[in-house]
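So the structure is just underneath, and the comments pick up after that.
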Ligand SMILES: [Zn+2]
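Residue numbers (the working numbering): 369 to 566.
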């Protein structure tokens, strides 16, 4: 962020978060007057740094910047859903609550991903970084029991369209924004800056 403020940072020490710096900034408020000069309220500018712990999902976010999609699979022999593959990544099997096994589905995504359905939204919530209208695609993969919400970075979405993943490998943000989707056959030159097929 380029707002000129020093934002707090987090480091770890023996497995615990240690916070350094300022995580909350406030600025002088301003009054809100109506047309007749009557006080109607105040604005309260404030800025906070949110700390989002990834825990067991860290492997998923870390892998995106390396061009890999990691899913998870239930391997519990006593679970009726044994063998179910989850994408989005689930730390625990939702059926038996056992810790699931991390697995790489990058090749499966490149060769089988397609648009299950999609939606285009012209309005978004605060802090949306994607250009509007936003083309959201629900991506399905062969052999995966769940569907992943994604962003189509090039072209227009269509039902059943084959899509391939692209990754922010040049300067990863370690968020879901490091993974976008494009129609199969999209030339490398059309990808957003910093994104690659591998
Ligand atoms: Zn299970």
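By construction, the Cβ of each residue, glycine as well, lies at the ideal position given by its N, Cα and C atoms. Predicted model only: the values in this text are computed from it and were never measured.
8 Å contact criterion, which residue i and residue j should meet: CB distance rounded
i: residue 551; j: residue 522; result: 7 Å
i: residue 524; j: residue 515; result: No, residue 524 and residue 515 are not in contact; Cβ-Cβ is about 20 Å, not under 8 Å.
i: residue 416; j: residue 392; result: 5 Å
i: residue 532; j: residue 520; result: Contact flag wrong, Cβ pair sits at about 11 Å.
i: residue 485; j: residue 527; result: 7 Å
i: residue 429; j: residue 422; result: 6 Å
Contacts around residue i, its chain only, beta-carbon distance under 6 Å, and the 5 residues preceding and following it disregarded
i: residue 394; result: 414
i: residue 435; result: 535, 537, 566
Backbone CA spacing between residue i and residue j [nearest angstrom]
i: residue 370; j: residue 503; result: Bear in mind that a pLDDT of 49 at residue 370, under 50, signals an unreliable position, so the number given afterwards is only what the model happens to contain. Computed Cα separation, rounded: 27 Å.
i: residue 549; j: residue 427; result: 20 Å
i: residue 460; j: residue 541; result: 25 Å
i: residue 545; j: residue 410; result: 35 Å
i: residue 493; j: residue 487; result: 15 Å
i: residue 455; j: residue 511; result: 10 Å
i: residue 373; j: residue 397; result: 17 Å
i: residue 477; j: residue 437; result: 8 Å
i: residue 483; j: residue 543; result: 22 Å
i: residue 424; j: residue 399; result: 46 Å
i: residue 403; j: residue 564; result: 54 Å
i: residue 499; j: residue 561; result: 14 Å
i: residue 450; j: residue 389; result: 46 Å
i: residue 453; j: residue 556; result: 30 Å
i: residue 608; j: residue 474; result: Any property of residue 608 remains undetermined from this structure, which presents the chain solely from 369 to 566.
Cut-off 7 Å between Cβ atoms - residues of its own chain near residue i, not counting five sequence neighbours on either side
i: residue 387; result: 376, 378
i: residue 447; result: 461, 463, 464, 466
i: residue 529; result: 482, 483, 551
Chain-order list of residues whose beta-carbon lies under 8 Å from that of residue i (same chain, five-residue window excluded)
i: residue 558; result: 522, 550
i: residue 539; result: 562
Across the region 429–443 and the region 464–484, are there enough close Cβ pairs to call them in contact, namely three or more that are closer than 8 Å? With a cut-off of 8 Å, the region 464–484 and the region 429–443 count as touching, because enough Cβ pairs lie within range.
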